[in-house]
Amino acid sequence: MISPLDRPWDDPPEAEELLQDAMQWHFDPRTGSPFWLDQAARLDFDPRTEIRTVADLTRLPNIVDLLRDVRVRDLIPRGFGDKYGQPIVAESGGTTGAPKRLMWMPETLDQATDWHAAGLSRHGPIRSGDWLCMGPTDPHMAGHLIRATAARFGAMCFLLDLDPRWVKRCIARGAYEEVALYTEHVVDQAEWILRTQDVAVLYSTPPLLEALCRRDGMVDLINERVDIIGWGGTKMDTEDRNRFQNEVFPGVKLVGGYASTMIVGGIVERPPQNRDEPAAFDPPAPFTIFSVVDPQTGRTVPYGERGQVLQHHISRGLLLPNNLERDSAIRLPHPSGRAGDSIADVQPVVEFSGKPVVEGIY
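Quick note: the sequence shown uses full-length UniProt numbering, first residue 1, plus one each step.
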């Protein structure tokens with residue numbers, strides 16, 4: 001019988017089944033990672049016997065700040081032995097200080113890619129052609145995930161040379177002229193590709209999409225050639241989404257995404273029933289579980305109300321519980337009825353970990 005940890009994300013086990021196997025795997029001295037075994041030694045309980053439900057996960061420590069300095073090899077579960085291929089060392093954007101760093105095992109990327117591709121397919125067929133990602137590449141995950149997703153559709157993916165951390169540093173010191181010049185540098189790269197290649201799918205952040213629209217001829221070219229614009233990385237409210245969809249790119253399908261290195265994947269918005277509704281995102285529960293909480297009390301807010309996004313990721317390659325994201329969102333029921341919430345109208349919080357949040361161009 002297949003282990004709950006190895007079930008496809010689109011055919012998941014019950015949360016309690018997944019947790020039972022995950023706690024045994026991550027906290028058994030024979031299979032757990034050096035990092036989590038060290039953490040377990042500091043606990044006054046045994047997660048293998050006492051973590052049974054999603055609510056129990058809150059008993060585990062929030063370790064995300066430790067990921068700024070941890071030896072990455074210590075995150076690899078011993079149960080993989082030395083036969084795990086080439087993991088991806090993934091880093092966060094460094095918005096709130098030194099980047100957090102973790103390991104995506106090859107099977108984790110495969111599962112995340114399958115989930116991302118399935119979410120995109122729910123928005124209808126995609127014409128043949130290649131893809132362009134106007135987002136960061138290594139050491140970030142956006143380029144890896146979108147390139148892997150393109151391969152699922154038989155497409156090549158063009159990537160840009162983009163460093164979002166430099167832009168954030170420029171914004172933080174008020175160097176807006178440098179930000180404008182760097183943005184033009186990124187748009188130059190995208191224009192060269194769009195004018196010379198058959199691009200059917202364009203991924204972009206809203207600020208870069210705005211900049212691309214200011215370039216002569218780009219709006220007409222995108223409407224003529226591109227089938228889908230996937231947006232994400234920074235917020236896009238419903239008013240801006242409707243403007244892009246109805247006024248700027250009426251011939252192109254706009255599809256939102258919510259993704260980050262720490263979420264361990266990318267979530268495509270559910271096909272909207274009404275364009276006046278904000279974009280809504282359903283995580284692959286129970287492998288990734290969202291809660292929407294009051295950051296002051298930690299309590300879950302009622303459905304339809306805004307709170308901060310708290311997420312747990314549970315897989316064979318990685319255990320990441322109690323990660324308070326730097327985003328707020330409206331809480332929605334998950335359509336599967338399984339553990340956790342769905343979210344809508346994602347926006348960055350003003351301050352996170354005592355520091356102001358700077359979005360930049362990604």
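Every residue gets a Cβ at the ideal spot worked out from N, C-alpha and C, and that includes glycine.
Determine the DSSP secondary structure at residue 320, reduced to helix, strand or coil.
strand
Cα-Cα, which of 344, 179, 169, 218 is closest to residue 249?
218
Taking only three categories from DSSP, how would you classify residue 262?
coil
For the beta strand (DSSP E) that residue 147 lies in, which residues bound it at each end?
That residue, residue 147, is in no beta strand (DSSP E); its alpha helix (DSSP H) goes 142-152.
Residue 197 - containing beta strand (DSSP E), residue span
Note, residue 197: premise wrong, no beta strand (DSSP E); not H, not E.
Once you ignore the five residues that flank residue 236 on each side, which residues in its own chain have a CB closer than 6 Å to its CB?
206
With H, G and I counted as helix, E and B as strand and the rest as coil, what does DSSP make of residue 300?
strand
By a C-beta neighbour count over all protein chains shown, 10 Å radius and 16 as the cutoff for buried, is residue 212 buried or exposed?
buried
Best match in 289, 321, 78 for proximity to residue 331 [C-alpha to C-alpha]
Of the listed residues, the one whose Cα sits closest to residue 331 is 289.
Note the first and the last residue of the continuous beta strand (DSSP E) segment covering residue 158.
157-159
Quick check on the DSSP output: the beta strand (DSSP E) that includes residue 117 runs from which residue to which?
First-last for residue 117: 106-121, but that is the alpha helix (DSSP H), not the beta strand (DSSP E).
Ignore the nearest five residues each way along the sequence and tell me which others in residue 311's own chain have a CB closer than 7 Å to its CB.
263, 288, 289, 290, 323, 325
Where residue 236 sits in the DSSP three-state scheme:
Reduced to three states, the DSSP call for residue 236 is coil.
Which residues DSSP lists as bridging residue 174, in chain order
In DSSP, residue 174 forms no bridge with anything.
Backbone CA spacing between residue 139 and residue 132 [nearest angstrom]:
18 Å
Under DSSP, the beta strand (DSSP E) around residue 9 begins and ends at which residues?
Premise fails: residue 9 is in no beta strand (DSSP E) and is neither H nor E.
CA nearest to the CA of residue 223, picked from 194, 240, 241, 48
That would be 194, whose Cα lies nearest to the Cα of residue 223.
First and last residue of the uninterrupted alpha helix (DSSP H) at residue 130:
Run containing residue 130: none in the alpha helix (DSSP H); it sits in the beta strand (DSSP E), 130-134.
To the nearest angstrom, how far is the alpha carbon of residue 270 from that of residue 210?
23 Å
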